[in-house]
Structures are given as structure tokens and as C-alpha cells.
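**Student:**
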Amino acid sequence: GAIVLVNDASRFLYPLIESWPAYSRTAETVLVARDDGDALFLNNTRHRPDSALKLRIALDRTDEPAVMAVLGREGFVQGTDYRGVQTAAVVLPVPDTPWCLVAKMDQDEVFAGWRVRAALILGLTAGLMGMVLSLGFFAWQRNQKAHYRALYRVEAGLPAIAAKP
1 GAIVLVNDAS RFLYPLIESW PAYSRTAETV LVARDDGDAL FLNNTRHRPD
51 SALKLRIALD RTDEPAVMAV LGREGFVQGT DYRGVQTAAV VLPVPDTPWC
101 LVAKMDQDEV FAGWRVRAAL ILGLTAGLMG MVLSLGFFAW QRNQKAHYRA
151 LYRVEAGLPA IAAKP
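All residue numbers for the sequence shown refer to the numbering used here, where the first residue is 1 and numbers rise by one.
#1: Using only alpha-carbon positions, find the residue among Thr29, Asp60 and Asp108 that is nearest to Asn44.
#2: Could you check the C-alpha separation between Arg153 and Ser134 for me, to the nearest Å?
#3: Who are Met105's beta bridge partners in DSSP?
#4: Mind the definition here: the segment 19–36 touches the segment 86–106 only if three or more C-beta pairs lie below 8 Å; say whether that holds.
#5: Using three-state DSSP, classify Pro93 as helix, strand or coil.
#6: For Glu28, which of helix, strand or coil comes out of DSSP?
#7: Looking at C-beta atoms only, is the number of pairs between the segment 34–51 and the segment 60–69 that lie closer than 8 Å three or more?
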């Protein structure tokens, strides 16, 4: 005897893969497999509905994260996705299957928060440097005034006044 279990991947597996833990405009997770010299997308992509088992990318496009995955790369990668957009991705093989999982997000979205913080840090650093330079200039100017006052008193024959601490 045998028991045959049939499970519709579009009802269980694909919604799980296509969900993302936080709000994102561009993030998506896809399953890919190597098929006849192409990287074949096994589930629908976020930006191209009805692309499951239809969207293929040639293996000679080695800058594409899905292609990197089926060629054996693992971990964090950067590249151009199927839309022609620069993305940051993590690619991992699915154990005991010929599939690979690609979780990716557009670089503009990934680094948006970093860019804001970097601009803030740069602005604060420039402001602090401006304050230090201003204080240095005022100290130098005060010293120069005291020096010229002392020279004036000597030239005018006035008694020298001790400098205030």
C-alpha cells in the first residue's frame, strides 16, 4: 500500500515565501532553480504577477542574484535584478532540493536610512568644526588685541597694565 499526499504549493508554500516580515516597497523572496541553462523562478515575483515557472534569466547574466544563487553563490550579494534595478540580496540553497532562496531588496530602500544618518552625522561634524574654528579665531583675535594694546601703551609712554588671567 502507499499513501500519496498532494499539496498545492500556491496555497501553502508560495504565500509563505512571498510574505515579508516588515513593510517594504521593494523587498521580495523568490525560489529559483537551474533549468536548461536558465535560472527559473518557481513562484510569482512581487513586481511581475503570474511569473511563476515562466520568468527565466539566462545564466550568462552573472550580475543577477537569482543567477548567482543557481551558480552556487551563498550569502550576501549585490547585483541587478530581473527589473534592471540594483539590489542587495541574500542567496541560500534550500537543503535537499535543487532550489535556491533569494531574499532581496532595492539598494535605494536598503540604504535610505543610512544616507539620512550619514548626512546628519556629516552636518553635525561640520557644525562642530565650525564652532571650534570660530572659538579658535576669537581666542586668537583677543590675544592680538591684547598684544597691540600693550604695544600702544609702550609707544605712548603709558604704564604697562598686567594682563588679566
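We put the beta carbon where it would ideally sit given N, CA and C, even for glycine.
**Tutor:** Quick look at the numbers:
#1: Thr29
#2: 29 Å
#3: Ala88
#4: yes
#5: strand
#6: strand
#7: yes
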